[in-house]
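Q: The structure follows.
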Amino acid sequence: MRGPAHAEAVSGSPLEGTRVAVVGAGVAGLLSALAFARRGADVVILDRDAGALEVSHHDSPAGDTPFGEEWRKGTPQARHTHACAALGRRVLREHVPDLWESLLAAGAIEMPFGGRLLQDGATPRHDDAELFGLAVRRSLFESILRDVALSERRIQVRPSGAVTGLIGAPNGIPVVEGVRTAHGDVRADLTIDALGRASHFGTWLEGLGSPGPQGAAESCGLAYLTRWYRLARRPGIRLNAGFSAGGYGAASGCIACPADNGYLSVTLMVPQGDALQHALLDEAAFTAAAGLHPGMSPWLEPGVCVPLSPVLRWPGCENHYRRYVVDGRPVALGVIGAGDAVCATNPTYTRGMSLAARHAFAVADMVCAQGTGDLYRLAMGADAIGEAVLRPWFEDSVAQDRVRNAQWAGVAGHSRPGDGPTLQQLTAAAAHDDVVWHALARRSGMLDAPDAVFTRADVLDRARRALAQRPSGPQAGPSRNDLLALVARRPGAPAQATSWGGVS
Numbered sequence: 001m002r003g004p005a006h007a008e009a010v011s012g013s014p015l016e017g018t019r020v021a022v023v024g025a026g027v028a029g030l031l032s033a034l035a036f037a038r039r040g041a042d043v044v045i046l047d048r049d050a051g052a053l054e055v056s057h058h059d060s061p062a063g064d065t066p067f068g069e070e071w072r073k074g075t076p077q078a079r080h081t082h083a084c085a086a087l088g089r090r091v092l093r094e095h096v097p098d099l100w101e102s103l104l105a106a107g108a109i110e111m112p113f114g115g116r117l118l119q120d121g122a123t124p125r126h127d128d129a130e131l132f133g134l135a136v137r138r139s140l141f142e143s144i145l146r147d148v149a150l151s152e153r154r155i156q157v158r159p160s161g162a163v164t165g166l167i168g169a170p171n172g173i174p175v176v177e178g179v180r181t182a183h184g185d186v187r188a189d190l191t192i193d194a195l196g197r198a199s200h201f202g203t204w205l206e207g208l209g210s211p212g213p214q215g216a217a218e219s220c221g222l223a224y225l226t227r228w229y230r231l232a233r234r235p236g237i238r239l240n241a242g243f244s245a246g247g248y249g250a251a252s253g254c255i256a257c258p259a260d261n262g263y264l265s266v267t268l269m270v271p272q273g274d275a276l277q278h279a280l281l282d283e284a285a286f287t288a289a290a291g292l293h294p295g296m297s298p299w300l301e302p303g304v305c306v307p308l309s310p311v312l313r314w315p316g317c318e319n320h321y322r323r324y325v326v327d328g329r330p331v332a333l334g335v336i337g338a339g340d341a342v343c344a345t346n347p348t349y350t351r352g353m354s355l356a357a358r359h360a361f362a363v364a365d366m367v368c369a370q371g372t373g374d375l376y377r378l379a380m381g382a383d384a385i386g387e388a389v390l391r392p393w394f395e396d397s398v399a400q401d402r403v404r405n406a407q408w409a410g411v412a413g414h415s416r417p418g419d420g421p422t423l424q425q426l427t428a429a430a431a432h433d434d435v436v437w438h439a440l441a442r443r444s445g446m447l448d449a450p451d452a453v454f455t456r457a458d459v460l461d462r463a464r465r466a467l468a469q470r471p472s473g474p475q476a477g478p479s480r481n482d483l484l485a486l487v488a489r490r491p492g493a494p495a496q497a498t499s500w501g502g503v504s
């Protein structure tokens, strides 16, 4: 499919005539392709998943979500809860307004943070015009994005079968000059690694004599299970977790996330490795367990929603952050990472699509400003963007996960040690103070940096007063024994489930 390009101004762009190869046609790859094409570059997208490169023709955008394992089988987390935070909304509206309008036309919903649901909308809690997210399934977001990207005249798609390596030579710092595929070489001035969490670029770069990107990785410490529903009517409740409801509790967590076109996902989170996750694949057990968590029962009442999918399991996830600059020196030139290939955080924080968008357009702007004549400078510039845009959210995700994992294990923990209120205490205070709530909402929406709230004396003082008046009690939610007892009551259940530390 080709149509008129909705290009930003590219006349005289330093990128005119520049060849960019984007490897991977997920959200990060498609956004990167759009970002470069609309700045004048000629872009080729390669993906081994042929379905990722097919135009979707949205005659019925409200159609069924693809739940089967064949849809985006290389990206199984795509079948679980997704959303676009306030940062992502800001980036899309600024850089690709036609994509934004197409998403809304297809049924995606601008959802106010903390909104009270109505049958045909939601009443915002605050008058901050930026505090809106986008309620949308990953499948709809990706298919609309794909259609917009493939309509660009500067973007070509090339079924690659499989990328087998990189074009380049092991001479000093390797210079990547494109990719090798089962159907021939694709030469490029700049190659984008958008292959996600399990990218092979590190291995391919080693073949050119490079150590490959280096970084840090740490398990999120949880498994999660999702079931999709169709809403028959919206419960008239306030969303207490951004544009979803629920959260983490003493031994597990659960969120209900409204999406586009009447879809709803309910996601249960339990410690990674606990065999309890297998028992919760039973649909009755899943529903009963979800109902034990605060704020979930209104969604599960008769007549509110109809189940559409089986229970989908994602057995584990990790936070990771990778750099192409090590010890102050690029490990390769002519290649830049994008999206989850660079940074992945706990998916239940719904940050991935927003960070991918912010990073993609920041990198394209940097390359457009500098051109591709100095690849060393580009590599250092891309690294600086990652350090500024991605690393703070990676570190925050690790910190939050460590605190939650410690609490689930019965050990006290705080995400920000020191004399001031912790993130958990600020969250408790936000239930009683609108100024604290607003500061945390902007943090949750990624409009403000993760640490910004801890530098605001007014917020910290108000939080202290709120906590003094209403000391926080124990975390809500079912205990593990509650969940085990529930599972044990289902027909055919084993006598005993394994402990938190059991490997599944």
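Position 462 of the sequence shown, counting from 1, maps to 462 under the UniProt record's numbering, and the rest follow consecutively. Cβ atoms here follow ideal geometry from the backbone N, Cα and C, with glycine treated the same way. Here the structure is a predicted model, which means the values were calculated and not measured.
1. Got a sec? Which residues, its chain only, sit under 7 angstroms from GLY88 by beta carbon, not counting five neighbours each side?
2. Could you give the DSSP three-state label for HIS432: helix, strand or coil?
3. In chain order, what residues of the same chain have a beta carbon less than 8 angstroms from the beta carbon of ASP383, not counting five sequence neighbours either side?
4. Closer than 8 angstroms by C-beta to MET366: which residues in its own chain qualify, once you throw out the five before and the five after it? Chain order, please.
5. Any idea what DSSP makes of residue 514, helix, strand or coil?
6. Return the bridge partner residues of ASP282 from the DSSP annotation.
7. Just to confirm the assignment, what range does the beta strand (DSSP E) spanning TYR248 have?
8. Below 7 angstroms between beta carbons: does that hold for VAL22 and ALA194?
9. Can you tell me which of PRO302, LEU208, GLN407 and GLY196 puts its alpha carbon nearest to the alpha carbon of ALA476?
10. Could you tell me the alpha carbon to alpha carbon distance between ALA466 and HIS432, rounded to whole angstroms?
11. Quick check on TYR224: buried or exposed, where buried means 16 or more other Cβ atoms within 10 Å of its Cβ?
12. Quick check on DSSP: helix, strand or coil for THR287?
13. Could you tell me if GLN424 is buried or exposed, where buried requires 16 or more neighbouring beta carbons within 10 angstroms of its beta carbon?
14. Mind checking ARG93: buried by the 16 CB within 10 Å criterion, or exposed?
15. Using the Cβ count rule (16 or more neighbours within 10 Å means buried), how would you classify GLY334?
16. Going by C-alpha distance, which of LEU118, ARG442, VAL411 and PHE361 is nearest ILE192?
17. PRO271 and LEU208 look like a contact to me (Cβ under 8 angstroms); what is the Cβ gap, rounded to whole Å?
18. Note the first and the last residue of the continuous alpha helix (DSSP H) segment covering ILE255.
19. Roughly how many whole angstroms lie between the Cα atoms of PHE243 and ALA106?
20. Which whole-angstrom value describes the C-beta separation of MET296 and GLY236, a residue pair presumed to lie in contact below a C-beta threshold of 8 angstroms?
21. Reducing DSSP to helix, strand and coil, say where GLU130 ends up.
22. Per DSSP, what kind of secondary structure is GLY221 in: helix, strand or coil?
23. Taking its Cβ as the centre, do 16 or more other Cβ atoms sit within 10 Å of residue 539, making it buried, or is it exposed?
24. According to DSSP, is GLU318 part of a helix, a strand, or is it coil?
25. If we count Cβ pairs, one from each stretch, closer than 8 angstroms, do we get three or more for the segment 275-295 versus the segment 310-324?
26. Is the separation between the beta-carbon of GLY212 and that of GLU218 shorter than 7 angstroms?
27. Provide the residue(s) that pair with ILE237 in DSSP beta bridges, ordered along the chain.
28. Does the distance from the CB of residue 505 to the CB of ALA256 come in under 7 angstroms?
29. Looking at residue 505: is its Cβ nearer than 7 angstroms to the Cβ of THR345?
30. Whose CA, out of ALA169, ASP120, CYS84 and GLY121, lies closest to the CA of GLU142?
31. For TYR263, which of helix, strand or coil comes out of DSSP?
32. Pull up the distance between the alpha-carbon of ALA341 and that of ALA439, whole angstroms please.
33. From the DSSP secondary-structure annotation, give me the bridge partner or partners of TYR376.
34. Where do the ends of the beta strand (DSSP E) carrying ALA122 lie?
35. Please identify the residue among ILE173, GLY371 and GLY165 whose C-alpha is closest to the C-alpha of VAL179.
36. Can you grab the Cα-Cα spacing for the pair PHE113 / ARG158, in whole Å?
A: From the atom records:
1. Same-chain partners within the cutoff: LEU134, MET353, SER354 and ALA357.
2. Per DSSP, reduced to three states, the secondary structure at HIS432 is coil, with no helix or strand assignment.
3. Residues of the same chain with a CB within less than 8 angstroms of the CB of ASP383, apart from the 5 flanking positions on each side, are ARG323, TYR324, VAL325 and PRO330 in chain order.
4. Cβ within range, chain order: LEU378, GLY381, ALA382 and ILE385.
5. Any property of residue 514 remains undetermined from this structure, which presents the chain solely from 1 to 504.
6. When beta bridges are read from the DSSP output, ASP282 appears opposite no residue.
7. Its beta strand (DSSP E) spans residues 245-248.
8. Yes.
9. Measuring from the Cα of ALA476, the nearest candidate turns out to be GLN407.
10. Cα to Cα, ALA466 sits roughly 7 angstroms from HIS432.
11. So TYR224 counts as buried.
12. Correct three-state label for THR287: helix.
13. The residue in question, GLN424, is buried, as its Cβ has 16 or more Cβ neighbours within 10 Å.
14. Flag for ARG93 reads exposed.
15. Here GLY334 is buried, its C-beta having at least 16 other C-beta atoms within 10 Å.
16. Nearest C-alpha to ILE192: PHE361.
17. Not confirmed; about 40 angstroms, so no contact.
18. Element bounds for ILE255: not the alpha helix (DSSP H) but the beta strand (DSSP E), 253-258.
19. So the two alpha carbons sit approximately 19 angstroms from each other.
20. The pair is not a contact, with the Cβ atoms about 15 angstroms apart (cut-off 8 angstroms).
21. GLU130 falls in the coil class under three-state DSSP.
22. Note: GLY221 maps to coil in three-state DSSP.
23. Outside the shown range of the chain (1 to 504) lies residue 539, about which nothing can therefore be said.
24. If DSSP states are grouped into helix, strand and coil, GLU318 belongs with the strands.
25. Taking 8 angstroms as the limit for Cβ pairs, the verdict is that the segment 310-324 does touch the segment 275-295.
26. In this structure, the beta-carbon distance from GLY212 to GLU218 does not fall below 7 angstroms.
27. According to DSSP, ILE237 bridges with nothing at all.
28. The chain is shown only over 1 to 504; residue 505 falls outside these bounds and no answer can be derived.
29. This structure leaves residue 505 out entirely; the chain is present only between 1 and 504.
30. Considering only alpha carbons, the answer is CYS84.
31. Strand at TYR263.
32. Linking ALA341 to ALA439 through their CA atoms gives a straight-line distance of about 30 angstroms.
33. None; TYR376 has no bridge partner.
34. For ALA122, the enclosing beta strand (DSSP E) starts and ends at 121-123.
35. It is GLY165 whose Cα lies nearest to the Cα of VAL179.
36. Take the alpha-carbon of PHE113 and the one of ARG158: they are about 40 angstroms apart.
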